[in-house]
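Take a look at the structure set out below.
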Amino acid sequence: MKEDIQNIEHYLVKVKRAVAETFSLIDSYLDLLRYPPRLVYTSEEQREELKPIIEERLKRDDEYVDNLYSERFLCGSILQFAFAGIKRFSKKREIPNSYFDIPEMKKASQFIIGKEIDDLHIGLIIFIGRNQWAHHWDKNLIEPNVSLFRRLATWHSPTFDKYYTNSFYDLDNDSVEIFASNLLYLLNWHKYEDFEKDMIEMAKEF
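Position 75, counted from 1, in the sequence shown is what numbering that gives the first Met the number 0 calls 74; the numbers after and before it change by one each time, with no gaps.
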């Protein structure tokens, strides 16, 4: 039976369990980095005493690296849940002057919503993160994604009066296959309640 979801509030109710459980699974991967804590030793004798914990720490580090793709893929699925809700209920809008330098911005007009982080509306951070996740095997994103990522990755140092690139959001950084986990960190989304709060705030602009 086809479900008729009428509004964003109904959508959030329907996806709550899936989103919450995905956040919990992501957190279980991060637990590999948290426990046991990293130890400091000052002698070989002390190192020998701590050897079982040190070896367990190294084992869990390796396990985390082995699961890094899975963690990042799950982070992308969180962005997909947000993307789908915005895509369904947000209306197209005029492009603000601040985005006139970004090619093909009409494709993302529904996502120019929410608070701004580093000169991008969070709706656009969701937009580019979801698209990069969904097409990460293609390696070649289309506009406006590329230019929006470039804006996010570029920052200016007043001290040196020079522009730098943040590798966390740099599409040319070959060590990152999926940027979704970096973008969830930027959004400060660590649990369902963080996701829901921003979705409800953005919904005021639908």
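All residues carry an ideal CB built from backbone N, CA and C; glycine is no exception.
(message) Leu32 and Tyr63 - do their beta-carbons sit closer together than 8 Å?
(response) yes
(request) For Asn163, count neighbouring C-beta atoms within 10 Å of its own C-beta (all shown protein chains included) and say buried if the count is 16 or more, exposed if not. (result) The identity of residue 163 in the sequence shown is Tyr, whereas the question assumes Asn. Counting Cβ neighbours within 10 Å, Tyr163 comes out exposed, since fewer than 16 surround it.
(request) Report all residues from its chain with a CB closer than 6 Å to the CB of Tyr10; omit the five preceding and five following residues, and keep chain order. (result) Ile4, Gly84
(message) Measuring straight from C-alpha to C-alpha, what distance separates Leu170 and His120?
(response) 19 Å
(request) Please go through the same chain and pick out, in chain order, the residues whose beta-carbon is closer than 8 Å to the beta-carbon of His155, but skip the five residues on each side of it. (result) Lys161, Tyr162, Tyr163
(message) Closer than 8 Å is the cut-off here; do at least three beta carbon pairs connect the segment 11-24 with the segment 37-51?
(response) no
(request) Return yes when at least one heavy atom of the ligand FAD lies under 7 Å from the C-beta of Glu200, else no. (result) Annotation note on the ligand FAD: not contained in the displayed structure, which lists no ligands.
(request) Could you have a look at Trp154 and say whether DSSP puts it in helix, strand or coil? (result) strand
(message) Within 8 Å, do at least three Cβ pairs link the segment 74-90 to the segment 137-154?
(response) no
(message) Rounded to the nearest angstrom, what separates Gln131 and Leu123 at their Cα positions?
(response) 12 Å
(request) Note down, in chain order, each residue of its chain lying with its Cβ closer than 6 Å to the Cβ of Ala19, except the 5 sequence neighbours on either side. (result) Tyr191
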